[in-house]
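Engineer: Pasting in a structure now, in structure tokens, and then I'll have a few things to ask.
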Amino acid sequence: MVIWVWLIPVIIIALIVIVFIAYYNKFVIKGNRIDNSLAQIDVQLKRRADLIPNLIETVKGYAKHEKGIMSDVTNARKALLSAKNLPAKLKANNQLESALKSIFAIAENYPQLRANENFKQLQEELSATEDKIAYSRQYYNDTILDFNNSIKVFPGKIFASIFSVKERKFIEITAEEKKSIKVSF
Amino acid sequence: MAERVLFYNQINKNKRNSIFLVIIVLAILVLIGYVIGMALGPDYFTIVMILAIIISLIYVWVGYYYSDKIALASVKAKLADRTQYHSLYNAVESMSLASGLPMPKVYIMQDQQINAFATGRDPKNAVICVTTGAVEKLDKSELEGVIAHEMGHVANFDIRFMTLVTVLVGMIAIISEIFLRSLWFTNIGGNRDSKDGRMQIIFILIGVALAILAPIVTKLVQLAISRKREYTADATAVKFTRRPTGLINALKKIKNDQPMKSHRVSKSVAPLFLSDPFKRKVQNAFSTHPPIEKRIAVLEKM
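In order, the protein sequences belong to chains U and H. Counting along the first sequence from 1, when you hit position 134 you're at 200 in the numbering used here, and nothing is skipped either side. Counting along the second sequence from 1, when you hit position 242 you're at 243 in the numbering used here, and nothing is skipped either side.
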């Protein structure tokens, strides 16, 4: 009888501790998932920037006179590489995207360039990385949604306030992104 | 959040089912060993039982760790070359990013039919196999839709259960068949008058019944499960691509496609595929996949 009286509070305390640990770990794991998906966006942006010098080299060989557009691309790439935070990076990426659109539009005037294997490959790679950037952004928002839900729903809400876990912000689609990019010829 | 819960339920269900399946297969194998041991007579019983237990443990172990390789080998799939199939790699990489799952290995199998399947024991050891027909006939968003469906199977842990079922059940069918055939060579009821002789006949009859029934029952279970999974994987695919059009168009193309050259695909691997490789028209308890029209209709409502 004496043992039972002691055992009950011990079990209750143990259960509470386990629940606390479980919630703490849940927040950490979900937070790490967000950081990890953010890193994935960076990887894709970096890969995109790495493809640009190759593209410029190839285009130079066929369309020497299009200096303006090529410096646009180079500048956008520099802006992308020097951008510090995600919004700045994404903004630079949008500039790069519109500059690239112009290059590919100009390529229409140079049949030899269009027929170049290397150019075709780069064009495909660049549009593939653009897709990948979009998909990794999508997953980044998914992980944030999941995280925010877990700290807003009861009883997660209570634990979130105990561990002072803060809500994370989604990547907003900027106004520039919403309107379709105009290609200048 | 309801759908999220649904996916987690699916994952837990699949993990549980995998364990059940392994236990059931172990039990069936030991039972078969018992029946064979009884059929052969008391002289062999102990040795047959020991063998049966050892063989069934090895069998399940091999099934768990090598089922993906067995499935891939049975359709003669090869690791896809990155430069030759770069558009396929791009699609798989995109879907791996969209789903947040590790990049699976990409395999290719030579067949003109548009089809694909996923296998492996967990998302870290996943393989996606696509036919050459799918790479040639599908455009980018359709290919992404198909890959997203397969990633759906990976995400929901369907691959572990499905591949285990395919390989473990497929092998049971083979073993039962060997048992049936070996009966032709045994001296059935050589001494009819003795009690042992009659016991032997009874056990041989049970053995025959088991050999016939076991594959049918397990097959029925496997097929019923497979059909529900396809709808879930379609839904997961839409969650990854955010638009159902790619998968819908791919399914429409598959609908008008030719059947797979059946000598390449053993029947037991059929449930793994995106759509029925043999393109059987009649729907019944033995169908491996839900009708494509129905899947398209469900997707169009999303």
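Where a beta carbon is used, it is the ideal one built from N, C-alpha and C, also for glycine.
According to DSSP, is Lys-106 of chain H helix, strand or coil?
Structural biologist: If DSSP states are grouped into helix, strand and coil, Lys-106 of chain H belongs with the strands.
Engineer: Does any C-beta atom of chain H lie closer than 8 Å to the C-beta of Tyr-201 of chain U?
Structural biologist: For Tyr-201 of chain U, the answer is yes, since a Cβ of chain H falls inside 8 Å of its Cβ.
Engineer: Rounding to the nearest angstrom, what Cα-Cα distance links Ile-213 of chain H and Val-36 of chain H in this structure?
Structural biologist: In a straight line, the C-alpha of Ile-213 of chain H is about 14 Å away from that of Val-36 of chain H.
Engineer: Starting from the Cα of His-150 of chain H, find the closest Cα among H:Gln-111, H:Pro-124, H:Val-299 and H:Phe-241 and give me that residue.
Structural biologist: Comparing Cα-Cα distances from His-150 of chain H to each of H:Gln-111, H:Pro-124, H:Val-299 and H:Phe-241, the minimum goes to H:Phe-241.
Engineer: In terms of DSSP beta bridges, what is Gly-134 of chain U paired with?
Structural biologist: Its beta-bridge partners do not exist; DSSP assigns none.
Engineer: Please compile the residues from chain U whose C-beta is within a distance smaller than 7 Å of the C-beta of Arg-243 of chain H.
Structural biologist: What Arg-243 of chain H touches in chain U: Gln-204.
Engineer: Strictly below 7 Å CB to CB, what residues from chain H border Asp-197 of chain U?
Structural biologist: Simply Ser-95.
Engineer: Where do the ends of the alpha helix (DSSP H) carrying Gly-134 of chain H lie?
Structural biologist: Gly-134 of chain H -> alpha helix (DSSP H) spans 133 to 138.
Engineer: Identify the contact partners of Ala-106 of chain U in chain H, using a Cβ-Cβ distance below 9 Å as the criterion.
Structural biologist: Checking the sequence shown, residue 106 of chain U turns out to be Gln, not Ala. Here the neighbours are Leu-98 and Gly-101.
Engineer: Residues of chain U with CB closer than 7 Å to the CB of Asn-91 of chain H, please, in chain order.
Structural biologist: Correct list: Ala-194.
Engineer: Find out if the Cβ-Cβ distance for the pair Leu-248 of chain H, Leu-300 of chain H is shorter than 8 Å.
Structural biologist: For Leu-248 of chain H and Leu-300 of chain H, yes; Cβs fall inside 8 Å.
Engineer: Quick one: using the 10 Å Cβ neighbour count with 16 as the cut-off for buried, is Glu-137 of chain H buried or exposed?
Structural biologist: Exposed, since its Cβ has fewer than 16 Cβ neighbours within 10 Å.
Engineer: Mind checking Tyr-108 of chain H: buried by the 16 CB within 10 Å criterion, or exposed?
Structural biologist: Burial call: buried.
Engineer: Please classify Phe-118 of chain H as buried or exposed, where buried requires at least 16 other C-beta atoms within 10 Å of its C-beta.
Structural biologist: Burial call: buried.
Engineer: Quick check: the region 81 to 99 of chain H against the region 140 to 148 of chain H, are at least 3 beta-carbon pairs closer than 8 Å?
Structural biologist: They touch, by the three-pair rule.
Engineer: Answer yes or no: do Thr-133 of chain H and Asp-112 of chain H have a C-beta to C-beta separation smaller than 8 Å?
Structural biologist: In this structure, Asp-112 of chain H lies closer than 8 Å to Thr-133 of chain H by Cβ.
Engineer: Give me the Cβ distance between Asn-159 of chain U and Leu-111 of chain U, rounded to the nearest whole Å; I'm assuming they're in contact under 8 Å.
Structural biologist: Sure, about 6 Å apart at Cβ, within 8 Å.
Engineer: Check Phe-274 of chain H in the structure and name its three-state DSSP category.
Structural biologist: Strand at Phe-274 of chain H.
Engineer: Going by beta carbon distance, what residues of the same chain come within less than 6 Å of Leu-156 of chain U, once the five residues before and after it are set aside?
Structural biologist: Taken in chain order, the list of residues that qualify is empty.
Engineer: For a contact defined as C-beta to C-beta under 9 Å, what are the partners of Thr-209 of chain U on chain H?
Structural biologist: Those are Gly-101, listed as they occur along chain H.
Engineer: For Asp-212 of chain U, verify whether its CB is less than 7 Å away from any heavy atom of the ligand FMN.
Structural biologist: With respect to the ligand FMN, the structure offers nothing, as it holds no ligand at all.
Engineer: Report the three-state DSSP secondary structure of Val-219 of chain U (helix, strand or coil).
Structural biologist: The answer is coil: DSSP assigns Val-219 of chain U none of H, G, I, E or B.
Engineer: Give a yes or no on whether the minimum CB-CB distance between Ser-230 of chain U and chain H is below 8 Å.
Structural biologist: Not one chain H Cβ lies under 8 Å of Ser-230 of chain U.
Engineer: Classify Trp-70 of chain U as buried or exposed, calling it buried when 16 or more other Cβ atoms lie within 10 Å of its own Cβ.
Structural biologist: Label assigned to Trp-70 of chain U: exposed.
Engineer: Of the residues U:Ser-168, U:Pro-153, U:Gly-97 and U:Leu-104, which one's Cα is nearest the Cα of Ala-308 of chain H?
Structural biologist: Since the first and last residues shown for chain H are 2 and 303, residue 308 of chain H lies out of range.
Engineer: Find the residues of chain H that neighbour Ser-103 of chain U, judging by a C-beta separation of less than 7 Å, and give them in chain order.
Structural biologist: Here the neighbours are Gly-101.
Engineer: List the endpoints of the continuous beta strand (DSSP E) containing Phe-118 of chain H.
Structural biologist: Unbroken beta strand (DSSP E) run through Phe-118 of chain H: 117 to 121.
Engineer: I'd like to check one pair, Ala-72 of chain H with Thr-120 of chain H: are the Cβ atoms closer than 8 Å?
Structural biologist: It is a contact, given that the beta carbons lie within the stated cut-off.
Engineer: Under the rule that 16 or more other beta-carbon atoms within 10 Å means buried, what is Val-219 of chain U, buried or exposed?
Structural biologist: So Val-219 of chain U ends up on the exposed side.
Engineer: Less than 8 Å between the CB atoms is what I'm expecting for Leu-58 of chain H and Val-49 of chain H, so what's the real figure, rounded?
Structural biologist: Not a contact, Cβ separation roughly 15 Å.
Engineer: Straight-line CA distance for Val-239 of chain H to Ile-54 of chain H?
Structural biologist: If I take the Cα positions, the gap works out to 44 Å.
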